[in-house]
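Trainee:
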Amino acid sequence: MNPLLLTAIIILAALATGNYFYGTRKNRWIVSSLSKDLEAALKPISSNYVNIGGAIGYNFTYALPAPYINAKGTITLSPRHSLLYLPFSLALGIRDRFFLNVFTKKKLRGEGHVVALSQLKKANIDGLEAMKRLDVSEGGRNFVILWRGADLSADLEKLLDALPDPASLKHFCAFPGTKTFFVHANPAKGEIKGNLEAIMKLLPGFIDKEKA
2 MNPLLLTAII ILAALATGNY FYGTRKNRWI VSSLSKDLEA ALKPISSNYV
52 NIGGAIGYNF TYALPAPYIN AKGTITLSPR HSLLYLPFSL ALGIRDRFFL
102 NVFTKKKLRG EGHVVALSQL KKANIDGLEA MKRLDVSEGG RNFVILWRGA
152 DLSADLEKLL DALPDPASLK HFCAFPGTKT FFVHANPAKG EIKGNLEAIM
202 KLLPGFIDKE KA
């Protein structure tokens with residue numbers, strides 16, 4: 002075999018191996034950080050995590066204290082451990098993400114959304130055109146506030162304003178049909194505690210107190 006080719010193969014193999022261990026370790030650290038932030042903000046009674054795809058994510062389920070029932074969500078991570086796929090994922094805009102659904106038995110006052118403008122077409126909101134709309138800016142990003150039923154505009158603006166890192170939020174939703182709160186975010190540097198604590202503090206304001 003050509004010595005130069007052999008050297009190139011050895012170097013590439015060494016780089017791939019080193020990147021695998023570094024990327025795997027980094028993703029494990031991020032998952033550990035995110036799970037600690039989640040549990041600090043939601044204060045679950047019990048928790049369960051299920052690995053999906055090795056170093057790229059986890060599904061989680063929490064039992065929650067009243068007025069909530071449980072929370073279910075997914076953490077998905079950039080493939081830092083894969084020297085082959087990482088450049089493509091970065092080019093496609095694939096980043097660390099988490100999705101959270103918080104369920105309650107209580108009736109919600111109405112439907113409301115805070116959506117990053119760049120995410121609006123991907124949010125798949127039924128009847129979006131018929132909803133009341135307010136365009137706002139926060140943290141250097143543009144957001145759309147949507148609501149129907151009760152006027153939730155002030156509550157939604159308050160929630161967005163309370164976030165220490167609004168730029169990481171992609172979509173917040175209070176959906177009365179399933180009595181669910183939904184959060185989609187791209188956490189920065191493995192941190193979501195501040196945003197989640199702010200959101201959880203304000204969720205009771207979306208519950209119908211007369212019919213709770």
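Counting from 2, one number per residue, gives the positions in the sequence shown under the working numbering.
We put the beta carbon where it would ideally sit given N, CA and C, even for glycine.
Kindly indicate which three-state DSSP category ALA151 falls into: helix, strand or coil?
Mentor: The answer is coil: DSSP assigns ALA151 none of H, G, I, E or B.
Trainee: At the level of alpha carbons, what is the spacing between VAL115 and TYR50?
Mentor: Taking the straight line joining both Cα atoms gives about 28 Å.
Trainee: Shortest alpha-carbon distance to LYS171 belongs to which of GLU139, GLY150, TYR63 and ILE46?
Mentor: Closest option to LYS171, Cα to Cα, is GLU139.
Trainee: For my contact list, ALA199 and PRO165 are in at a C-beta cut-off of 8 Å; report their separation, rounded to the angstrom.
Mentor: Their Cβ separation, rounded to whole angstroms, is 7 Å, which keeps ALA199 and PRO165 in contact under 8 Å.
Trainee: Answer yes or no: do ILE76 and GLY58 have a C-beta to C-beta separation smaller than 8 Å?
Mentor: Result yes, Cβ atoms of ILE76 and GLY58 sit closer than 8 Å.
Trainee: Enumerate in chain order the residues of its own chain whose CB-to-CB distance from VAL103 is below 6 Å, with the five nearest sequence positions on each side excluded.
Mentor: Cβ within range, chain order: TYR69, ALA72 and PHE182.
Trainee: In angstroms with no decimal places, state the Cα-to-Cα distance between ARG142 and LEU160.
Mentor: Whole-angstrom Cα-Cα distance: 15 Å.
Trainee: Expressed to the nearest angstrom, what Euclidean distance is found between the alpha-carbon atoms of LEU147 and LEU43?
Mentor: Each residue's Cα considered, the two are about 25 Å apart.
Trainee: Please classify ILE46 as buried or exposed, where buried requires at least 16 neighbouring CB atoms within 10 angstroms.
Mentor: The residue is exposed, with fewer than 16 neighbouring Cβ atoms inside 10 Å.
Trainee: Do the CB positions of SER105 and LYS180 come within less than 8 Å of each other?
Mentor: With the sequence shown as reference, residue 105 is identified as Thr, and Ser is not the correct amino acid for it. Going by C-beta atoms, THR105 is nearer than 8 Å to LYS180.
Trainee: Leaving out five residues on either side along the sequence, give the residues of the same chain with a beta carbon under 7 Å from the beta carbon of GLY111.
Mentor: The answer, listed in chain order, is TRP148, ARG149, GLY150, ALA151, LEU153 and PRO177.
Trainee: The beta strand (DSSP E) with VAL60 in it runs from where to where?
Mentor: Strictly speaking, residue 60 in this sequence is Asn, with Val absent from that position. Per DSSP, ASN60 belongs to the beta strand (DSSP E) from 58-64.
Trainee: If I'm right that VAL145 touches ASP136 with Cβ under 8 Å, what's the distance once you round it to whole angstroms?
Mentor: Confirmed, about 6 Å.
Trainee: How about PHE207 and GLY74: do their beta carbons lie closer than 8 Å?
Mentor: No, Cβ-Cβ distance for PHE207 and GLY74 is not below 8 Å.
Trainee: Between GLU192 and ASP38, which are expected to be in contact by the criterion C-beta below 8 Å, what is the C-beta distance as a whole number of angstroms?
Mentor: Their Cβ separation, rounded to whole angstroms, is 6 Å, which keeps GLU192 and ASP38 in contact under 8 Å.
Trainee: State buried or exposed for SER169, treating a residue as buried only when at least 16 other CB atoms are found within 10 Å of its CB.
Mentor: That one is buried.
Trainee: Quick one: is LYS133 buried, meaning 16 or more other Cβ sit within 10 Å of its Cβ, or exposed?
Mentor: By the 10 Å Cβ count, LYS133 comes out exposed.
Trainee: So what does LEU121 bridge to, in DSSP terms?
Mentor: BP columns for LEU121 are empty, so no partner.
Trainee: Span of the alpha helix (DSSP H) holding GLY195?
Mentor: That run of the alpha helix (DSSP H) goes 194-203.
Trainee: Taking all protein chains shown into account, do 16 or more other C-beta atoms lie within 10 angstroms of the C-beta of PRO167, making it buried, or fewer, making it exposed?
Mentor: Buried.
Trainee: Comparing C-alpha positions only, which one of SER34, ARG26 and LYS108 sits nearest to LYS210?
Mentor: Comparing Cα positions, the closest option is LYS108.
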